[in-house]
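Q:
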Amino acid sequence: MSNIDNPNEAAAVNELVITRIFVAPRELVWRAWTEPNYATKWWGPKDFTAPVCKIDLRVGGKYLFCMRAPEGKDYWSTGVYREIVEHERLVCTDSFADEHGNVVPATHYGMVGDFPLEFEVTVILDDIKGKTMMTLNHKGMPAGEMGDMASQGWNQSFDKLAESLK
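Using the numbering used here, the first residue of the sequence shown is number 22, and each one after it goes up by one.
(1) Looking at the structure shown, is Thr114 part of a helix, part of a strand, or coil, going by DSSP?
(2) Taking the beta carbon of Asp188 as the centre, do at least 16 other beta carbons fall within 10 Å, making it buried, or is it exposed?
(3) Tell whether a beta-carbon distance below 8 Å holds between Gly81 and Tyr102.
(4) For Pro57, would you say it is in contact with chain B, using Cβ-to-Cβ distances shorter than 8 Å as the test?
(5) Hey, which unbroken runs of the alpha helix (DSSP H) at 4 residues or more fall wholly within the region 136-175?
(6) Label Ala118 either buried or exposed according to how many other C-beta atoms from any shown protein chain fall within 10 Å of its C-beta, with 16 as the threshold for buried.
(7) Under 8 Å, do Lys83 and Gly131 count as touching if we go by C-beta distance?
(8) Taking 7 Å as the cut-off, is the C-beta of His129 nearer than that to any heavy atom in the ligand ZN?
(9) Counting pairs of beta carbons, one from the region 139-157 and one from the region 43-51, are three or more of them closer than 8 Å?
(10) With 16 as the cutoff for other CB atoms within 10 Å, does Thr99 come out buried or exposed?
(11) Using the Cα positions of Glu139 and Val73, report the straight-line distance between them to the nearest angstrom.
(12) Taking all protein chains shown into account, do 16 or more other C-beta atoms lie within 10 angstroms of the C-beta of Gly65, making it buried, or fewer, making it exposed?
(13) Closest to Gly161 by CA distance: which of Lys181, Trp51, Thr114, Glu92 is it?
(14) Hey, Met88 and Ala71 are a contact pair by Cβ (cut 8 Å); roughly how many whole angstroms apart?
(15) Give me, in chain order, the residues of the same chain whose beta-carbon lies closer than 7 Å to that of Lys75; leave out the 5 immediate sequence neighbours on both sides.
(16) Within 10 angstroms of its Cβ, does Lys181 collect 16 or more other Cβ (buried), or is it exposed?
(17) Buried or exposed, going by whether 16 or more other CB atoms sit within 10 Å of the CB of Ile106?
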């Protein structure tokens with residue numbers, strides 16, 4: 022059955038879902054997502070750094086992150102927090118941005134594909150006997166190579182997150 026015949030399959034193609042278990046308490050994983058001094062330690066794929074991380078953690082508040090590639094190119098992202106349940110759930114928009122936090126299309130960074138201007142990211146944290154099960158849902162991801170690259174980038178970031186929580 023093709024995606025056109027089954028709209029549920031089509032929706033699934035546009036959602037990236039990653040679940041990880043971290044050997045750290047939920048409160049610490051929450052801080053890693055919500056406090057700049059923690060987020061800069063893990064944000065971005067392997068060999069990327071995060072030299073800028075601004076977080077206004079409130080519904081309607083914004084974040085602005087910079088990922089710096091090994092060769093020095095900066096990639097900015099921004100979003101607005103839509104839902105915050107402390108230590109349990111974050112829902113925010115996610116967009117490519119310039120260094121001032123203005124939303125830009127993916128083509129600004131030379132990316133091709135059907136990228137929307139705005140994605141939605143949901144992070145759910147569950148306490149599992151002192152460990153944390155984190156589920157990320159990134160809605161709106163393009164299918165194909167760019168979606169695969171996003172999955173790799175998130176997974177590499179979460180590898181760094183696991184290391185930073187030790």
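By construction, the Cβ of each residue, glycine as well, lies at the ideal position given by its N, Cα and C atoms.
A: Inspection of the coordinates gives the following:
(1) Per DSSP, reduced to three states, the secondary structure at Thr114 is strand.
(2) Because the chain here runs from 22 to 187, residue 188 falls outside it and cannot be looked at.
(3) yes
(4) Absence of chain B from the displayed structure is noted, only one protein chain being present.
(5) Within the region 136-175, no complete alpha helix (DSSP H) run reaches 4 residues.
(6) buried
(7) Not closer than 8 Å, so no.
(8) With respect to the ligand ZN, the structure shown offers nothing to examine, as it has no ligands at all.
(9) yes
(10) buried
(11) Roughly 21 Å between the two C-alpha positions.
(12) buried
(13) Thr114
(14) 6 Å
(15) Pro57, Tyr84, Leu85
(16) Under this definition Lys181 is a buried residue.
(17) The question names Ile, but residue 106 is Val in the sequence shown. So Val106 ends up on the exposed side.
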